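Take a look at the structure below.
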Amino acid sequence: MKSIKLFCLTFLLIICSARALAVELDLGAELNYFDPADEDFRQFYEGGLCYGLESRLWFENGFGLGSSIDYLTRTRIYAGDEFKVESLLWNSSLLYSMKGIKWLRPYFGAGLVVDYSRESNKADTIDDWDLGYQAQAGVEIILKYFRPYLQISVQETPETDGINLSGYMTGIGVQFQLPIKKSESKPE
Numbered sequence: 052m053k054s055i056k057l058f059c060l061t062f063l064l065i066i067c068s069a070r071a072l073a074v075e076l077d078l079g080a081e082l083n084y085f086d087p088a089d090e091d092f093r094q095f096y097e098g099g100l101c102y103g104l105e106s107r108l109w110f111e112n113g114f115g116l117g118s119s120i121d122y123l124t125r126t127r128i129y130a131g132d133e134f135k136v137e138s139l140l141w142n143s144s145l146l147y148s149m150k151g152i153k154w155l156r157p158y159f160g161a162g163l164v165v166d167y168s169r170e171s172n173k174a175d176t177i178d179d180w181d182l183g184y185q186a187q188a189g190v191e192i193i194l195k196y197f198r199p200y201l202q203i204s205v206q207e208t209p210e211t212d213g214i215n216l217s218g219y220m221t222g223i224g225v226q227f228q229l230p231i232k233k234s235e236s237k238p239e
């Protein structure tokens with residue numbers, strides 16, 4: 052748990068300091084299909100839709116910082132009992148945007164994922180926090196004020212005592228560009 056808190060604090064400090072150098076800030080929503088890699092999760096709950104929020108901070112050199120939080124919930128009735136899993140997945144990554152067509156931005160990135168899961172039924176509730184890593188690739192269509200995008204990502208949670216949320220996400224989303232005011236230095 053200490054490593055998760057340290058990671059979150061470090062990422063927030065980086066975002067706050069990097070904003071001064073950024074040329075573009077995008078915020079938006081996404082819809083993903085989660086395809087679990089863990090065979091037990093796949094057989095019991097199967098894959099499914101999840102939704103979330105995403106932000107990206109882009110710099111002039113093509114690098115960027117990305118962060119998203121996704122919510123996944125799955126329910127299954129087994130032997131007359133309802134089993135439910137709810138998960139929050141927070142991803143943060145370093146991104147790189149390749150030079151492309153003026154209105155198209157292909158990108159790829161890698162980073163860390165923190166996931167919180169709660170599995171419950173009538174008899175018990177299990178809470179689980181895990182730290183893992185992820186890689187992603189996608190493409191944005193650059194319009195005047197918003198950025199529709201398509202992306203695919205893979206995440207791995209190497210050591211978990213509870214629910215293994217390793218797997219693949221394929222998603223679509225739209226982000227809105229927020230203006231970043233640059234302070235102009237006046238010549239003396």
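Numbered by my numbering, the letters in the sequence shown go through residues 52 to 239 in order.
Every residue, glycine too, gets a C-beta built ideally from N, C-alpha and C.
Just so you know, these numbers come straight off a predicted model, no measurement behind them.
Using the three-state DSSP reduction, which class does residue i fall into: helix, strand or coil?
i	result
residue 97	coil
residue 91	helix
residue 190	strand
residue 208	coil
residue 154	coil
residue 222	strand
residue 147	strand
residue 161	strand
residue 237	Low per-residue confidence applies at residue 237: pLDDT is 49, beneath 50, and the placement is therefore not dependable enough to give any value.
residue 230	coil
residue 179	strand
residue 214	coil
Are residue i and residue j closer than 9 Å when you measure CB to CB?
i	j	result
residue 167	residue 179	yes
residue 224	residue 80	yes
residue 134	residue 124	no
residue 218	residue 82	no
residue 22	residue 139	Residue 22 falls outside the range modelled here, since the chain spans only 52 to 239, and no answer is possible.
residue 109	residue 77	yes
residue 231	residue 75	yes
residue 163	residue 187	no
residue 117	residue 106	yes
Return the bridge partner residues of residue i from the DSSP annotation.
i	result
residue 121	103 and 140
residue 80	104 and 225
residue 131	Residue 131 is not bridged to any residue.
residue 197	227
residue 170	136 and 177
residue 75	109
To the nearest whole angstrom, what separates the beta carbons of residue i and residue j, a pair I think is in contact under 8 Å?
i	j	result
residue 85	residue 99	6 Å
residue 148	residue 115	6 Å
Is the stretch 198-208 in contact with the stretch 168-177, if contact means three or more CB pairs nearer than 8 Å?
-> By the Cβ criterion, the stretch 198-208 is not in contact with the stretch 168-177, since fewer than three pairs of Cβ atoms, one from each stretch, lie closer than 8 Å.
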